[in-house]
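Peer 1:
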Amino acid sequence: MRKTTRRDIFKFAAGSAAGLVFTPAPWRLITDTALWSENWPGIPRPARGQTRTRFTHCALCSAGCAVRARCVNDQPVSLSGLAGSPLCAFGLAGHQLPYHTGRVKTGAIEEALAAIAQRRSHDAVAVLDLRPGRTASWTYRRAMAALPRGFYLAAQSAIPAVNLDQVRTLLSFGAPVLDGWGTPSTVLAARSHFRLIQAEPLESHTAMLADLWLPLRKGSEQALALGIAHVLMQEQNAGASFPAEATAYSPARTAQLTGLPEAQIVSVARELAPGGALVLASQEWPEILQLNRLLGSVAHTIVGRRETPVPASWKKAAPVTAIEAVPDGSIGVLLIDESVCDGYLPWNAIEPKLAPAPLVVTFASSRAGYGRYARFTLPTAVYPEMTDDIPPALDSAAATFRLATPLVAAPAGAVEPARFIAQLAGLPPADALRERTDAIQSSGRGVLRTYADGKSIPVKGVKPDDFWKVLNEGGCWVDAPDPVEPPASACQSSSAAVVAMTWEMRLARGPMSPLLSKLYEESNLRVRL
Amino acid sequence: MKHRSTYVFLSGVLIALGAGWAGFPYAIYESRPQPVDFSHKVHTGAGGMKCDDCHQLRPDGTFAGIPRLEKCAGCHAAAMGSTAEEKQFIDGYVTPKREVAWSVYARQPGNVYFPHGAHVKQAGLSCERCHGKHGQTETLRPYQEDRISGYSRDIWRGLTMGDCVACHEQHGIGQQGCLDCHK
Amino acid sequence: MTGKRYGMSIDIDRCTGCGACMVACAVENNVPPAPEGATDRKGITWMRVFPVDNGRDGPDRKSVFVPMLCQQCGQDAPCVSVCPQQAVQVDPATGIVGQMPERCLGCRYCMAACPYHARYFNWWDPAWPAGMEKTLNPNVAPRMRGVVEKCNFCHGRWHAAKERAVGRGAREIDPADYVPACVEACPTAAIRFGDLNDPRSPVAQAAQQSGSFRLLEKLGTEPKIYYHSAREWVREIGRAPAGKEQVHG
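Respectively, the protein sequence lines represent chains A, B and C.
At position 522 of the first sequence (counting the first as 1) the number is 1485 in this note's numbering, and the numbers step up by one without a gap.
At position 34 of the second sequence (counting the first as 1) the number is 1088 in this note's numbering, and the numbers step up by one without a gap.
At position 35 of the third sequence (counting the first as 1) the number is 27 in this note's numbering, and the numbers step up by one without a gap.
1. Compile a chain-ordered list of the residues in the region 1222 to 1239 of chain A whose CB is closer than 8 angstroms to at least one CB of chain C.
2. May I ask you to report which of helix, strand or coil DSSP gives residue 1197 of chain B?
3. Do residue 1236 of chain B and residue 124 of chain C have their beta-carbon atoms positioned less than 8 angstroms apart in this structure?
4. Under the three-state reduction of DSSP, which class applies to residue 965 of chain A: helix, strand or coil?
5. Would you mind telling me which residues of chain A sit closer than 8 angstroms to residue 1114 of chain B, beta carbon to beta carbon, in chain order?
6. With 16 as the cutoff for other CB atoms within 10 Å, does residue 1027 of chain A come out buried or exposed?
7. How about residue 1323 of chain A and residue 1336 of chain A: are their beta carbons less than 8 angstroms apart?
8. Please decide whether residue 158 of chain C counts as near chain B, where near means a Cβ-Cβ distance under 8 angstroms.
9. Please work out which residues of its chain come closer than 7 angstroms, Cβ to Cβ, to residue 1066 of chain A, disregarding the five sequence neighbours upstream and downstream, and give them in chain order.
10. In three-state DSSP terms, what is residue -7 of chain C?
11. Take residue 1173 of chain B as the anchor and find which of B:1222, B:1151, B:1201 has the nearest alpha-carbon.
12. Under 7 angstroms Cβ-Cβ, which residues of chain A neighbour residue 117 of chain C?
13. Can you tell me which of the three DSSP states residue 1176 of chain A falls into?
14. Taking just the CA atoms, how far does residue 1479 of chain A sit from residue 1118 of chain B?
15. Over the uninterrupted beta strand (DSSP E) stretch that includes residue 1187 of chain A, give me the two end residues.
16. Determine the chain C residues that contact residue 1011 of chain A at a beta-carbon separation under 7 angstroms, and present them in chain order.
17. Which residue wins for smallest C-alpha separation from residue 1345 of chain A, given the options A:1054, A:1009, A:970, A:1006?
18. Return the chain-ordered list of same chain residues with a C-beta closer than 8 angstroms to the C-beta of residue 1410 of chain A, the five sequence neighbours on each side being excluded.
19. Please report the Cβ distance between residue 1239 of chain A and residue 1129 of chain A, rounded to the nearest whole angstrom; I am assuming they are in contact, meaning their Cβ atoms lie under 8 angstroms.
20. Restricting to Cα atoms, I'd like to know which of C:4, C:186, C:24, C:149 is closest to residue 224 of chain C.
21. Would you say the region 1261 to 1279 of chain A touches the region 1153 to 1173 of chain A, given that touching needs at least three Cβ pairs under 8 angstroms?
22. Taking C-beta pairs closer than 8 angstroms, name the residues in chain A that residue 1118 of chain B reaches, listed in chain order.
23. Going along the chain, which unbroken runs of the beta strand (DSSP E) with 3 or more residues stay wholly within the region 146 to 198 of chain C?
24. Could you check what DSSP says for residue 1419 of chain A in three-state terms: helix, strand or coil?
25. Could you please tell me which residues of the region 83 to 110 of chain C, in chain order, have their CB closer than 8 angstroms to any CB of chain B?
26. Using the Cβ count rule (16 or more neighbours within 10 Å means buried), how would you classify residue 1225 of chain B?
27. Taking C-beta to C-beta, are residue 1137 of chain A and residue 1356 of chain A nearer than 8 angstroms?
28. Using beta carbons (cut-off 8 angstroms, strictly below), is residue 1176 of chain B in contact with chain C?
29. Would you say residue 1034 of chain A lies against chain C (beta-carbon separation less than 8 angstroms)?
30. Given this structure, state the Cα-to-Cα distance separating residue 185 of chain C from residue 1133 of chain A, to the nearest angstrom.
31. Quickly, what does DSSP pair residue 219 of chain C with across the bridge? List them, please.
32. Show which residues of chain B have a CB atom less than 8 angstroms away from the CB atom of residue 991 of chain A.
33. Ordered along the chain, which non-local residues of its own chain (more than five positions away) have a Cβ less than 6 angstroms from that of residue 111 of chain C?
34. Is the region 1177 to 1188 of chain B touching the region 973 to 991 of chain A, taking contact as three or more C-beta pairs under 8 angstroms?
35. Check this for me: beta carbons of residue 1074 of chain B and residue 988 of chain A, under 8 angstroms apart or not?
36. Please classify residue 1125 of chain A: is it buried, with 16 or more other beta-carbons within 10 angstroms of its beta-carbon, or exposed?
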């Protein structure tokens, strides 16, 4: 026997290669590789399962639109509005928010409790509520009343309603009227019967879509408001409530300040017929409120709204304290509910009110907001994991009650801010939302709307359990149409109603779905410099 | 030795042929047993059940596939027979309410859209036309998965795209768009 | 076989540029959030809303939003004729121009050929933030890296509508069951969808309406997306007279 040579190995290899061509192996490997390229682990596989429809309300803003969720095996895969009540771009991607990469999922709950317990006996405790008017807000107010020194701070003062049905001319000073203000369905339905005049330096979405765009100089909004008031006072002789300074703003001077033609300022003022006008702004300028008064908007297009009923036993609640009314350096413990957000107080307004070495605890799903000032950030559920009610929308003249019910389970470490603060103050453990719905039901007012069949029935004939069930499974309560005169205080606070949050403000406050940011980055739809 | 190099070459050919025809088809698949030893025969034979008693079309026309535990527990909340398999199933899955992780022999890849309703309800095909005598099997054979593509071996037993197209052409349902069956 | 010719009508005068259609489309069709560094050329947007203006400044400036998607050209779609893989096909039963990712080679001839820039290439594997893959729509398969994709009128919904018809025992789908995601999401009903072969459908009627036009009509691609605007300058831009259009971002 000869030894195996290099030549033998090559011969054998060549024979194997020749033989392999006549087997299925190489051909199958080619096919398999092609199939693998369609299935490699980099490509996620959607889960299969039964599709069900569930209803809830969108808790991302106080519009609280009704949501129809398509769920596969109890996991929402897409959201849509109901017929005639569409969702905005934010809401359509809402089901992706629980998976946001910037989400806070854990927090030092025990340490936070211990730290609060240490401070609360000798320091004042305050709760800052970024969405007042909820059932949770009532819980906070009751909890603060139960503490020796408790303050309830709201990010917005009580907001009267805007009745868009009555509006014939809408003058907006940079408010994003058609771009995230109010309830999309209400605004769009009313759009056909009001003329929109947009005074804004940049060509925003609303400016593009307005009937008339006034491209005024940056920072000259107040001058235009005063100039319009000047014309109104001269022509209608109705300027009792307007400050004397308006007299200095003749059309000629206003034209100089704003860069708009003089004739246009006069014609805009003439278009604002008293009784059907509404003036909105993107900032709290006192001139805007005064202009609304001059036009008779208060009690006509800006109206009061009845309160959604609450249990009689809740009336022992702390009042809403304005941040200015809190003594400087007094708050030792500040608890901030950031789980939902409609407005905010700037930190420089809060900071002077805090005691030395304050204990700031924020309940949030991300650290984008007050988290940077807080010692503890406790994780909360986000929409659509949370159970919460949504206060009546800005543009709803009737009181409403809507629940955001969970479509997916909240992570194990999530804290319910209302429950946490109720326990802290030693309130009796109870389901506040259920107590509230029972109170609404027993008031016998209004109708109960069911989304699955689109029917509305009077509350009078509904049993408490059925009422609760419908509200949880997709339905809302709408008060009987009984507009009351706005209380005197509403006239003071109605400035809040005419201030609209812009997209930029919203985006700065909370996370949005990565899909949404991607689409807006790539499509340059929102980047307009 | 004369012709030595020819023998070496031929032995290479023979070994490759053997490996390619006999070894490769086994090596390419990874075998795994089903979690529960389910007997279709017990259910369809003595039990007198039909396929669509468990594998139903939902009211929205989609096919439910393998039933969820809920359906099994409808009958097997407590043991109906005396077999060890049933006891294991009840103790391991029904009582703790744990879904069974079945491996689906006829599972098509994710980019395939196959409507059972159109084939079974509308065209009136029998289940056996594609699934063979699966309904009469006594045990569940091990599930074999292609190691590279991840496809079930059963796809190559009459469930490839070529098989779909052949049957459609045979029945004069040609002229299909790609997206009719792909998603 | 009842031949359908699905088409869309988009009323530019009603579009508010809110972007709901883009989001609904991406959610429905499992379009992933692109990685950091994706640009407007590399990201995937089957539906994309463009702000378009008349090129003037000051009070004369006028702007509109134009939702752009695959225009679903007729039989002679440019992307079909250039594809070396036969991965693009005009479905004879629906008129929908379909793209088959499994056949696609990634050569991107179709992207170069498309006069509407409505086709997108997968530069990356589809990746979602951890956990978000649970929200994927099971009726649409995610595409792999290296293939082209585009709007197919939410074909997954066409499948679902057919299954519902079978569930009811009907041979024809209920038109209300088959509505693409962008149409469903549009808050102002600016986008409508239907069968152009059915003279009673709102889309067929909108196509005949005065002020209706199609993009780059002179190319003869026979798109099935009909735009509408009462304003002449908008229609001019849609028809693209040589060298006059201006698109700002």
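Here a beta-carbon is modelled for each residue, glycine too, at the ideal position from N, C-alpha and C.
Treat the numbers as computed from the prediction; the structure is a model and nothing was measured.
Peer 2: Quick look at the numbers:
1. Cβ contacts with chain C: none found.
2. The answer is strand: DSSP assigns residue 1197 of chain B an E or B state.
3. It is not a contact, given that the beta carbons lie outside the stated cut-off.
4. It is coil, neither helix nor strand.
5. Simply 1014.
6. Under the 10 Å beta carbon count, residue 1027 of chain A is surrounded by 16 or more other beta carbons and is classified as buried.
7. In contact: residue 1323 of chain A and residue 1336 of chain A (Cβ atoms closer than 8 angstroms).
8. At a cut-off of 8 angstroms, the C-beta of residue 158 of chain C has a neighbouring C-beta in chain B.
9. These residues qualify, in order along the chain: 1328, 1329.
10. Its pLDDT being 45, under 50, residue -7 of chain C is placed unreliably by the model, and the measurement read from it follows with that caveat. In the three-state reduction of the DSSP assignment, residue -7 of chain C falls in the coil class.
11. Ranked by Cα distance from residue 1173 of chain B, the options B:1222, B:1151, B:1201 are led by B:1222.
12. Those within 7 angstroms of residue 117 of chain C in chain A are 1005, 1006.
13. Residue state, collapsed to three classes: strand.
14. Between residue 1118 of chain B and residue 1479 of chain A, the C-alpha separation is close to 33 angstroms.
15. Where residue 1187 of chain A is concerned, there is no enclosing beta strand (DSSP E), although the alpha helix (DSSP H) it sits in stretches over 1184 to 1199.
16. Residues of chain C passing the Cβ test: 130.
17. Nearest to residue 1345 of chain A by alpha-carbon distance, out of A:1054, A:1009, A:970, A:1006, is A:1054.
18. Cβ within range, chain order: 1419, 1420, 1421, 1422, 1440, 1441, 1443.
19. With a Cβ gap of about 6 angstroms, residue 1239 of chain A and residue 1129 of chain A count as contacting.
20. Comparing alpha carbon positions, the residue from C:4, C:186, C:24, C:149 closest to residue 224 of chain C is C:4.
21. With a cut-off of 8 angstroms on Cβ pairs, the region 1261 to 1279 of chain A is not in contact with the region 1153 to 1173 of chain A, counting fewer than three such pairs.
22. Under the 8 angstroms cutoff, chain A gives 1013.
23. Counting only runs of 3 or more, we get 183 to 187.
24. Strand.
25. For the region 83 to 110 of chain C, residues whose beta-carbon sits nearer than 8 angstroms to a beta-carbon of chain B comprise 83, 84, 85, 86, 88, 90, 92, 93, 94, 95.
26. Exposed, since its Cβ has fewer than 16 Cβ neighbours within 10 Å.
27. For residue 1137 of chain A and residue 1356 of chain A, no; Cβs fall outside 8 angstroms.
28. Residue contact with chain C for residue 1176 of chain B: present (Cβ-Cβ distance below 8 angstroms to some residue of chain C).
29. With respect to chain C, the C-beta atom of residue 1034 of chain A has no partner C-beta closer than 8 angstroms.
30. Residue 1133 of chain A has its alpha-carbon roughly 33 angstroms from the corresponding atom of residue 185 of chain C.
31. Beta bridge pairing from DSSP links residue 219 of chain C with C:2, C:205.
32. Going along chain B in sequence order, the residues near residue 991 of chain A (Cβ under 8 angstroms) are 1078, 1082.
33. Contacts found: 102, 103, 140, 142.
34. The region 1177 to 1188 of chain B vs the region 973 to 991 of chain A: no contact.
35. Between residue 1074 of chain B and residue 988 of chain A, the C-beta gap is smaller than 8 angstroms, which places the two residues in contact.
36. Its Cβ being crowded by 16 or more others within 10 Å, residue 1125 of chain A is buried.
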